[in-house]
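S.K.:
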Amino acid sequence: MSKVREDGASALDRALQRALQRELQAAEGAARLLLAKLERRSNDEQERGELRYTRRILSRLQEIAELTEELELSARIAEPKLESLSVGGWIWPTVEQVRGQLPTELREDLGFTIDLAEKDSRIGGDLELLGRMLRELLIEAARTAGESGRVRLRGRRQEEAFFHVSLTVQNQSGARLAPLGAERAELCFARARAILEAHGGSAEKGSDEYGRPEVRLRLPSGEREGALR
């Protein structure tokens with residue numbers, strides 16, 4: 063009976079989160095319309111004050127929307143799906159997706175080096191969550207590397223039941239993307255760690271042999287029984 067109550071509460075939480083997201087999207091849309099209207103006719107000091115105030119409201123709505131998305135993600139992390147995909151099929155498309163999202167100056171000069179010892183090895187878990195995790199880590203690495211920098215991904219099966227991936231920022235030079243800030247960067251890593259721990263894996267930060275920043279991911283194999291805890 064308690065399990066039924068827990069499932070019902072989880073479903074209610076998800077429904078409330080979706081409803082809140084819809085309301086926030088509607089409020090954000092209304093704020094954007096008002097902002098566009100004020101920008102077209104901000105002639106006197108009062109209207110300029112209203113414009114500044116509307117921008118602050120829009121900024122707060124966006125922050126609340128991001129937190130709501132985090133709540134929804136937390137619920138998803140607590141109940142991950144169990145799927146299977148090759149390591150190469152996970153990493154290569156994600157890198158290309160991230161490359162396409164970068165500004166032109168970074169897309170042309172920033173390099174990604176991918177070194178997979180066993181690209182056909184399989185990982186197991188919620189592929190949507192794992193894909194999001196890798197995208198966010200790669201974007202943060204690109205912000206750190208900047209133009210003419212290089213981000214390296216290495217993958218090895220170091221344990222029978224786990225595949226290890228390290229993400230290293232090799233060069234830090236040239237213009238960079240605006241950093242997320244220490245708080246947002248910590249949130250990005252905390253989210254990655256939570257996702258992997260929900261899958262029975264782990265994430266840790268450190269440095270490579272040359273002192274360059276590195277994130278190490280330990281992913282469950284998709285070829286083992288009970289890939290999720």
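Each residue of the sequence shown is one higher than the one before, starting from 63 at the first, in the numbering used here. Glycine included, every Cβ here is placed at the ideal spot set by N, Cα and C. Note that this is a predicted model, so its numbers are computed, not measured.
Is Asp177 helix, strand or coil when you go by DSSP?
M.R.: Three-state DSSP puts Asp177 in a strand.
S.K.: Measure the C-alpha to C-alpha separation of Leu135 and Ala207 and round it to an integer number of angstroms.
M.R.: Rounded to the nearest angstrom, the two C-alpha atoms are 28 Å apart.
S.K.: Thinking Ala256 and Ile139 are a contact (beta carbons under 8 Å), I'd like their distance in whole angstroms, please.
M.R.: Yes, Ala256 and Ile139 are in contact; Cβ-Cβ is about 5 Å, under 8 Å.
S.K.: How far does the beta strand (DSSP E) with Gly186 in it extend, from its first residue to its last?
M.R.: Start and end: Arg184 to Gly187.
S.K.: First and last residue of the alpha helix (DSSP H) that includes Leu168?
M.R.: Thr166 to Asp171 is the span of the alpha helix (DSSP H), which, as asked, contains Leu168.
S.K.: Check whether the segment 111-121 and the segment 94-102 are in contact - that is, three or more C-beta pairs closer than 8 Å.
M.R.: With the cut-off at 8 Å, the segment 111-121 and the segment 94-102 touch.
S.K.: Between Val227 and the rest of its own chain, which residues show a CB-CB distance below 6 Å, the 5 nearest in sequence each way excluded?
M.R.: The residues are Gly217 and Leu279.
S.K.: Identify whether Leu144 lies in helix, strand or coil by the three-state DSSP scheme.
M.R.: Leu144 falls in the coil class under three-state DSSP.
S.K.: Among residues of its own chain, excluding the 5 on either side of Ser264, which ones have a beta-carbon nearer than 6 Å to its beta-carbon?
M.R.: Correct list, in chain order: Leu258 and Arg280.
S.K.: Is it the case that the Cβ atoms of Gly173 and Arg212 are separated by a distance below 8 Å?
M.R.: Yes, the Cβ-Cβ distance between Gly173 and Arg212 is below 8 Å.
S.K.: In angstroms, rounded to a whole number, what distance separates the CA positions of Leu146 and Arg197?
M.R.: With the sequence shown as reference, residue 146 is identified as Ser, and Leu is not the correct amino acid for it. Near 18 Å, if we compare the C-alpha coordinates of Arg197 and Ser146.
S.K.: On the three-state DSSP scale, how would you describe Leu256?
M.R.: Note on identity: in this sequence residue 256 is Ala, with Leu being the wrong assignment. Ala256: helix per DSSP, three-state reduction.
S.K.: Quick one: what does DSSP say Gly151 is sitting in, helix, strand or coil?
M.R.: Three-state DSSP puts Gly151 in a helix.
S.K.: Please identify the residue among Ser283, Pro282 and Leu144 whose C-alpha is closest to the C-alpha of Asp188.
M.R.: The option with the nearest alpha carbon to Asp188 is Leu144.
S.K.: Compute the Euclidean distance between the alpha carbons of Arg161 and Ala223, then round it to the nearest angstrom.
M.R.: Rounded to whole angstroms, Arg161 to Ala223 spans 30 Å at the Cα level.
S.K.: Let me know if Thr230 comes out buried or exposed under the rule of 16 or more other beta-carbons within 10 Å of its beta-carbon.
M.R.: Buried.
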